[in-house]
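Please read the structure below before turning to the comments.
Structure (structure tokens):
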């Protein structure tokens, strides 16, 4: 933010600047209220809560999902089917 120098000591100029800043503040506060209303009046989580949500302590970040053998077979079969359809379209 710019610092005011001594050349800005005119009271009229400072009052006009203050009025402009107050209008900006009112517009910003009105926009904040609109956004809060759109959010359903939910409170934003604090910084500590947001950090806790981002990195849950109960689950390590490097842990992979475990799939059952039947799930892996279904996924593989579906992928083979998609590739077969793709190759069939490419040969036409």
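In this note's numbering, the protein residues as written are 13 to 104.
Backbone N, C-alpha and C fix where the C-beta goes; we use that ideal spot for every residue, glycine too.
The structure displayed is predicted, hence computed values, not measured ones.
Distance, residue j Cα to residue i Cα
i          : j           : result
residue 40 : residue 26  : 21 angstroms
residue 93 : residue 103 : 16 angstroms
residue 51 : residue 42  : 14 angstroms
residue 32 : residue 38  : 10 angstroms
residue 90 : residue 83  : 11 angstroms
Limits of the alpha helix (DSSP H) - the one that residue i falls within
i          : result
residue 79 : Segment: none, residue 79 is in no alpha helix (DSSP H) and carries neither H nor E.
residue 51 : Unbroken run through residue 51: none, as it is neither H nor E.
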